[in-house]
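Structure record follows, encoded as structure tokens.
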Amino acid sequence: MHLLEPTGNLTAAPAPANVSLAGDTPPDTLTAADVNTDAIIIEFATTADGRGFSLARHLRGRFGFGGTLLAGGKLIPDQVQLAFQCGFDGVLLTDGQLDQYATDFVDAVKNPPVTLNYRQTWADSTG
Amino acid sequence: MYQYTEFDQQLVEQRSAEFRQQVERRLAGRLTEDEFKPLRLMNGLYLQLHAYMLRVAIPYGVLSATQLRALATIAERFDKGYGHFTTRQNIQFNWLSLVDTPDILDVLASVQMHAIQTSGNCIRNITSDPFAGVSADEAVDPRPICELLRQWSTLHPEFAYLPRKFKFAITGASNDRALIKAHDIGLQLRDENGQTVTDIWVGGGQGRTPKVAQLLYSGVSVEELMPHLDAILRVYNQYGRRDNKYKARIKILLAETGIEDFRATVDAELDSLDRAPFAHARATLNDIMQRFSAVRYPTGDANLPPADDNTGSPAFDHWQQVNVKPHKVDGHSIVVISLKPAGGIPGDATSAQMNAIADLAEHYSHGELRITHRQNIVFPHVQSQHLQQLWQALHALGLGESNIDLPTDIIACPGLDYCALATARSIPIAQSISGHIRANERNTGKDLNGVTINISGCINACAHHHVASIGVLGLDRNGTENYQITLGGRADGNIRIGERMGPGVSADEVPHVVERVINLYLDKRQPDESFEHVYDRIGKQSFKQAVYNEDAADAPA
Ligand code: SF4
């Protein structure tokens, strides 16, 4: 397992997080106790299923989760920026994913074709 | 019209470069078709029956003459010389090859246009009132809010992989010309003590299960609008069904949870939602307003003469009564140009027509035009004293048809001639209905204003057949086209879903059914009585008899 950081650095993945949630976890089934931990992995079941992005925002918002949030599962390079923008701290990648997409994952962070984002600009101009 | 900032411009250029790179990776085998599909759809690119189709966004239906010329160029260089305007104010090019699409996106970017999010399971291009900013019945000009929400939804990181597509429509007028209650979210802008506030309607839609939207929040401030939308979309993203694509729209979630529970869930999300990105919503909106170049109408002493309504030219007078709408500024008119000529394909325009319309828009409409959801074109700023000249010019181009909101102003989706999802043809049916009813003067008179005919080529209902006076839905019955008839729908602020008559009829029969239904309406109506009012008054059974041309005794139950 490898960890892709928001800087584009690729390092060895940390020890598995204590809590792993499927991306399709219904938020109303979660309690504060479930997320009372330092690190949470959200697993994306398929590329097309974007529930994990909202779950990340929900954990940051509703539960005020301030620990490490990692994305795992079937993300493709074109999705890692979305993950970081939704509050993930890193994306977990398997050997298979790195083989399949060669350097596309790192490129997607280090040389992203799209760097601009309205929401980011609005947030940056705050205060 | 809104003028892009440098940021807006760079963003569409970056997006275009990104798509070029994605196409290269797909061609090199570094993306599978399954992985590439959502990416190309988010750039408006479909694989249809015969070729790739690109849907280009015309944000809130507003176009400049320069942009229309660029569309004409694309049709000429990359397609077969024409484009098709859709019921969501977009334009589609039907005959493209994949390798050309990055170049097409570059052409679009050069005129402040794009195809971002015109397809796929994301927030689609936002539609609005084609008379925005110029109609007399408007409280708030919706275009700045439309642009704000275009920016809010563009590349929204959280909502690029929703359960299903998500459509917004916005109006600020009292007559709803944007069909807001037939959208996933419809926004009604109002003025409350000098402040713009928004009513948020949720869960409208067409397709297999047509629904009229319900009021979720009333009087939301500009500051709170985007947080509310974020919260609604978040709840939909997490709870919307993904097991069945026909049940994945927000209207089904709302029907299953009920509006009260749905609102409670959204409220809970709103409580803790991060407002930081939206702290300057009002300032951002003000900046956007500054970038809408205001049209300077000549007024004051030089008060313009009104339209001449007795010109001695019956053809012009008829056009003026049917295609010209009241403008908020004296001496001005809103002109609707019909893309529904006799024998034509509804919503199609050739490159030559697009270039000619662009020239006329520059001459008569401050270089600006609009696209309507009924697939026609609007010149929003015409001096009434120029109407006759404009009509003559349009007439010479074959664009002088006088049928706006009349039965021959038919909406038709591409259907089986292009669309991979179609179960039957729609364009040829539109042509045969139009040809048939044109033969009878009684069925084309201007007193039939508001009697609409909409034809969809499958249950997805892109042509909005549920909300037409006469809706036609093309299905496939064991390999034969079969057309289901729906009557009594309506598409304005008093939206209602039409009723299905019974078994479908053959393609050949459809024009006769339509004619009989219109004749029944004409026979039974009282002065100024609308189609759906007659329908309610005399009842479904009478109309069924007209549809099936049978006596009451043996009409299908
Ligand atoms: S209604 Fe059906 S056939 Fe017509 S455009 Fe939509 S999906 Fe295609």
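From first to last, the protein sequence lines are chains Y and P.
Anchor point for the first sequence: position 33 equals 59 in our numbering, and the numbering is continuous, going up by one each time.
Anchor point for the second sequence: position 443 equals 535 in our numbering, and the numbering is continuous, going up by one each time.
Beta carbons are placed, not taken as given, at the ideal position from N, Cα and C, and that holds for glycine.
Because the structure is a prediction, the values reported are computed rather than measured.
- Listed by position along chain Y, the residues whose Cβ is nearer than 7 Å to that of P/Pro595 form an empty set, because the closest Cβ is around 37 Å away.
- Boundaries of the beta strand (DSSP E) harbouring P/Gln306: 306-313, taken from the DSSP string.
- Residue contact with chain Y for P/Pro369: present (Cβ-Cβ distance below 7 Å to some residue of chain Y).
- Taking the beta carbon of P/Leu247 as reference, the chain Y residues within 8 Å of it are Val140, Asn143, Tyr144, listed in sequence order.
- Distances taken from the Cβ of Y/Ala39 to the heavy atoms of the ligand SF4 include none shorter than 6 Å.
- For P/Asn336, none of the residues of chain Y pass the 7 Å Cβ criterion, the least Cβ distance being about 14 Å.
- When only Cα atoms are considered, P/Met205 and P/Gln413 end up about 34 Å apart.
- Between the beta-carbon of P/Glu624 and that of P/Ser548 there is about 19 Å, and that puts the pair past the 8 Å contact cut.
- From the beta-carbon of P/Thr376, the residues of chain Y found nearer than 7 Å are Trp148.
- In this structure, DSSP gives P/Pro222 a state outside helix and strand, which the three-state scheme calls coil.
- Sequence-distant Cβ neighbours of P/Asp451 in its own chain, meaning closer than 8 Å and more than five residues away, are Ala157.
- When the five nearest sequence neighbours on each side are left out, the beta carbons in the same chain lying within less than 7 Å of the beta carbon of P/Ala448 are those of Leu489, in order along the chain.
- In this structure, the straight-line span from the alpha carbon of P/Ala441 to that of P/Gly507 is close to 17 Å.
- For the ligand SF4, a non-hydrogen atom lies closer than 6 Å to the CB of P/Gly549.
- A check of alpha carbon separations from Y/Glu31 across Y/Thr51, Y/Phe70, Y/Asp115, Y/Ala41 identifies Y/Asp115 as the nearest.
- Taking all protein chains in view, the Cβ of P/Asp539 is surrounded by fewer than 16 other Cβ atoms within 10 Å, so the residue is classified as exposed.
- When secondary structure is reduced to three states using DSSP, Y/Ser46 falls in the strand class.
- For Y/Pro52, the chain P residues whose Cβ falls inside 9 Å of its Cβ are Gln330, Tyr331, in order along the chain.
- The beta carbons of Y/Gly87 and P/Ser245 sit no closer together than 7 Å.
- Here DSSP, grouped into helix, strand and coil, assigns P/Val564 to strand.
- Per DSSP, the unbroken alpha helix (DSSP H) holding Y/Ala134 starts and ends at 130-136.
- Looking at the DSSP output, P/Thr572 bridges to P/Arg569.
- Shown here, P/Ile166 sits in a helix according to DSSP, grouped into three states.
- Arg77, Phe79, Ser80, Leu81, Arg83, His84, Arg86, Gly87, Arg88, Gly90: these are the residues of the stretch 77-96 of chain Y whose beta carbon lies less than 8 Å from some beta carbon of chain P, given in chain order.
- P/His372 belongs to the set of residues whose beta carbon lies under 7 Å from a beta carbon in chain Y.
- Check the Cα spacing between P/Val304 and each of P/Lys636, P/Arg147, P/Gly585, P/Lys616: the tightest is with P/Gly585.
- Nearest neighbour of Y/Arg83 by Cα position, chosen from P/Arg367, P/Tyr138, P/Glu239, P/Phe99, turns out to be P/Arg367.
- Within the stretch 274-338 of chain P, the complete beta strand (DSSP E) runs of at least 3 residues fall at 277-284, 287-294, 306-313.
- Taking 7 Å as the cut-off between beta carbons, the residues of the stretch 130-142 of chain P near chain Y are Pro130, Leu131, in sequence order.
- Ranking Y/Asp133, Y/Ala59, Y/Pro139 by CA distance to the CA of Y/Gly34 puts Y/Asp133 first.
- Boundaries of the alpha helix (DSSP H) harbouring Y/Gly122: 121-127, taken from the DSSP string.
- Taking a 10 Å sphere around the C-beta of P/Leu307, we find fewer than 16 other C-beta atoms and assign the residue as exposed.
- Taking CB atoms only, Y/Thr120 has no neighbour in chain P less than 7 Å away.
- Here DSSP, grouped into helix, strand and coil, assigns P/Ser634 to helix.
- At a cut-off of 7 Å, the C-beta of Y/Ile102 has a neighbouring C-beta in chain P.
- For P/Ser202, no CB of chain Y lies under 7 Å from its own CB, so it is not counted at the interface with that chain.
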